[in-house]
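Residue numbers for the sequence shown follow this note's numbering, so the first one is -6 and each next one is one higher. Working notes for the structure below.
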Amino acid sequence: MTSAAHTLRIGIARGWIEFRQTLRTPSDLASYLLNSVIMLVILSFLDRNEPAAGAISLGMIGLPGALATMIVFGGVTSMAQYLSIEREDGTLLRCRALPGGVAGYLTGKVVSVSLMTLLSMLVILLPGLFLIDGMLGNGISTLPTALWVTLLGLLATLPYGAIAGALFTNPRVATGIMLVPIMGLIVISGVFAPIDGFPGWIQTAAQVFPLYWLGLGMRSAFLPDTALAVEIGESWRTLETVGVLGAWAVVGLILAPIVLRRMARRESGAAMEARKHKVMQRVV
């Protein structure tokens, strides 16, 4: 077995163990899935507003948007937070002492965060299909589209979460800074409401980032073609979705290893102790 294959195997095993530990820790599991439960409750209330005949309900529009948002929260915010925490507590430094330790650690983190993100999406999707009228209309044919959008979305977001986690040594700062642009993108990207009412420059800006295309891809999976009336160009633009998400994934996969290698080289026991000293000073 080659060194790279061994590192990959160890990383996958590490990620699976971390995922199982999260499932067995009620507090960790509850904190991770809280946003999914809140979104599901909101969607169920939105669906109580009866749409006009043939119209798309707010609940039907909101469910694909909630799934897209979970991908971004998991891929960017959760990844950045975990990396910052384990950089601060010395986990990453200890992994660096092992052959292929950093690569295996990052592989494991990608696996565990991806699995938790998928679980958070299922908490919304499975009940939502039955609670929200019309969501089962497309049947099992929706699953392949939803799956490739999810996987490509994770590839397009996880590298940037890793980069953010490498750049910010304080996990609270990392989470706070990442939430601000994500919330802004949620507003302008049309994941919960049509984007066609925004000025043209806002529409253009929204289409630069993955969240718009994740929302569009999820809507193409779960909504009927009658929903195209409010989409830009009245098309699901599948090729453009693949192109933009793929471009973000490629750039992120190139940049993330460079940033992470530089961060790992700067890690030392002295640097970790200095960060702990600053934390203690803030507590005192």
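Backbone N, C-alpha and C fix where the C-beta goes; we use that ideal spot for every residue, glycine too.
Boundaries (first-last residue) of the alpha helix (DSSP H) holding residue i
i	result
I36	It is worth fixing the name first, because residue 36 is Leu in this sequence and not Ile. It spans P19 to L39 - the alpha helix (DSSP H) in which L36 sits, taken as one unbroken run.
I125	From DSSP, I125 is part of no alpha helix (DSSP H); its letter is neither H nor E.
S77	M72 to E81
P137	T135 to L160
P187	Element bounds for P187: n/a, residue is neither H nor E.
I49	Looking at the DSSP string, I49 is not in any alpha helix (DSSP H), and its letter there is neither H nor E.
G169	P164 to I181
Through-space distance from residue j to residue i, alpha-carbon basis
i	j	result
G68	V235	17 Å
L160	W241	19 Å
V252	T100	15 Å
R87	A59	37 Å
L85	W141	31 Å
I49	G208	16 Å
F38	L118	15 Å
P192	I181	10 Å
M176	A(-2)	38 Å
L115	G146	16 Å
P57	T219	15 Å
Assigned exposure category for residue i - 16 Cβ within 10 Å defines buried
i	result
W194	exposed
A46	Here A46 scores only 43 on pLDDT, less than 50, and its place in the model is too uncertain to base an answer on.
G226	exposed
P19	exposed
Q74	buried
P282	What the structure shows of the chain is the stretch from -6 to 277, and residue 282 is not part of that stretch, so it cannot be assessed.
R7	buried
I247	exposed
M109	buried
Q200	buried
L232	exposed
T143	buried
V277	Residue confidence for V277 is low, a pLDDT of 47 falling below 50, so the modelled location carries little weight and cannot support an answer.
Which of helix, strand or coil DSSP assigns to residue i
i	result
V201	coil
R212	helix
I3	helix
R13	helix
D218	helix
W229	coil
G97	helix
A59	helix
A(-2)	helix
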